[in-house]
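Input: a single structure, listed below in structure tokens.
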Amino acid sequence: MTVKVLNHPLINVLMTNLRSQETSSFEFRYTAKKISSLMAFEVFKDLNVDRKKINTPLESFLGVKTKDPKPCVISILRAGLIIAEGITDIFKDVSIGHIGMYRDEKTLSPVNYLIKLPSNLQNRQCFLCDPMLATGGSAISSLETLKQNNASDITLVCLLASEEGIKNVKEKFSDVTIICAQKDNHLNEKGFIVPGLGDAGDRIFDT
Ligand code: PRP
Numbered sequence: 000m001t002v003k004v005l006n007h008p009l010i011n012v013l014m015t016n017l018r019s020q021e022t023s024s025f026e027f028r029y030t031a032k033k034i035s036s037l038m039a040f041e042v043f044k045d046l047n048v049d050r051k052k053i054n055t056p057l058e059s060f061l062g063v064k065t066k067d068p069k070p071c072v073i074s075i076l077r078a079g080l081i082i083a084e085g086i087t088d089i090f091k092d093v094s095i096g097h098i099g100m101y102r103d104e105k106t107l108s109p110v111n112y113l114i115k116l117p118s119n120l121q122n123r124q125c126f127l128c129d130p131m132l133a134t135g136g137s138a139i140s141s142l143e144t145l146k147q148n149n150a151s152d153i154t155l156v157c158l159l160a161s162e163e164g165i166k167n168v169k170e171k172f173s174d175v176t177i178i179c180a181q182k183d184n185h186l187n188e189k190g191f192i193v194p195g196l197g198d199a200g201d202r203i204f205d206t
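At position 95 of the sequence shown the residue is numbered 94 (this note's numbering), and the sequence of numbers has no breaks.
Set out below in structure tokens:
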């Protein structure tokens with residue numbers, strides 16, 4: 000399994016704002032989306048393309064276009080929406096899927112409330128978006144859903160991942176790539192990433 004922690008200075012400045020408790024909900028939303036857009040360059044680095052011949056005003060040129068079937072960007076609701084928005088602001092030629100899920104605050108187990116995906120994910124590059132990889136429960140459950148829909152080329156895109164979450168995903172899905180902006184080394188007793196950034200969904204949507 001490949002794990003890429005970007006730790007890029009431009010992203011790290013924005014992640015510092017995101018982590019700060021002083022950051023308001025609208026700034027948090029704006030910043031999370033901006034970081035996701037910056038991450039798009041790494042996320043789509045291995046995008047499948049076909050050759051495309053065009054004519055410039057001067058002569059013919061052999062360029063590239065997105066390969067069919069198009070990649071699929073999947074948000075784990077709610078908070079994944081903002082990551083998907085940020086990366087698709089940069090690259091729009093994608094299908095979009097949604098997996099509705101929340102983490103039961105007592106058991107920490109993921110509960111599904113919606114699955115809406117393109118009919119077949121076979122041969123598609125799938126980009127699963129969620130700002131937080133904490134215990135890994137939500138990601139693992141979503142990865143199982145994607146596998147049941149024949150996905151085989153999956154990248155998990157997060158802002159912040161915990162060591163434990165990465166380890167748990169790795170144990171179950173050795174073929175999945177994880178790209179995150181930053182990594183923290185532990186979870187507290189409530190399963191929150193520490194020092195973390197709090198509850199991403201609540202901070203994004205001000206709930
Ligand atoms: C948060 C977060 C992830 C999940 C991470 O979602 O956005 O989906 O928890 O935790 P895990 O790795 O331990 O599963 P939350 O349940 O708060 O739902 P929300 O996006 O609707 O706020």
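No residue lacks a Cβ here, since even glycine has one placed at the ideal position from N, Cα and C.
Annotation note: the segment 7 to 67 contains the following uninterrupted beta strand (DSSP E) runs of length 3 or greater, listed N- to C-terminal: 48 to 54 and 59 to 65. Taking K171 as reference, the option from P194, S141 and R123 with the minimal CA-CA separation is S141. When DSSP reads this structure, M0 sits in no beta bridge, so it has no partner. Contact between L155 and G195 is ruled out by a C-beta separation of about 18 angstroms, above the 8 angstroms threshold. Proximity to P70 across G79, R50 and D92 peaks at D92, based on C-alpha coordinates. At least one heavy atom of the ligand PRP falls within 6 angstroms of the beta-carbon of I75.
By the Cβ neighbour-count rule, N54 is exposed, with fewer than 16 other Cβ atoms within 10 Å of its own. Only residues of its own chain outside the window of five on either side were considered, and among them A180 and Q181 have a CB closer than 6 angstroms to the CB of M14, listed in chain order. Secondary structure note for Q124: it is in no alpha helix (DSSP H), and the uninterrupted beta strand (DSSP E) holding it is Q124 to C128. Counting the other CB atoms within 10 Å of its CB gives G135 a total of 16 or more, which places it among the buried residues. Note on T22: 16 or more other CB atoms within 10 angstroms of its CB, so buried under the neighbour-count rule. C-alpha of N122 to C-alpha of S151: approximately 7 angstroms in a straight line. Boundaries of the beta strand (DSSP E) harbouring Q181: T176 to D183, taken from the DSSP string. Of the candidates R202, K64 and L37, the residue whose Cα lies closest to the Cα of H7 is L37. Every beta strand (DSSP E) stretch that sits fully inside the segment 127 to 206 and reaches 3 residues is listed by chain position as 152 to 161 and 176 to 183. No Cβ-Cβ contact shorter than 7 angstroms links L76 with G62. Secondary structure note for L76: its beta strand (DSSP E) is the uninterrupted segment C71 to L76. The beta carbon of N16 is closer than 6 angstroms to those of T22 and T30 in its chain, skipping five residues each way along the sequence. In terms of Cα proximity to I34, the closest of N47, G85 and S19 is G85. One thing to note: D49 has its Cβ within 7 angstroms of the Cβ of K66.
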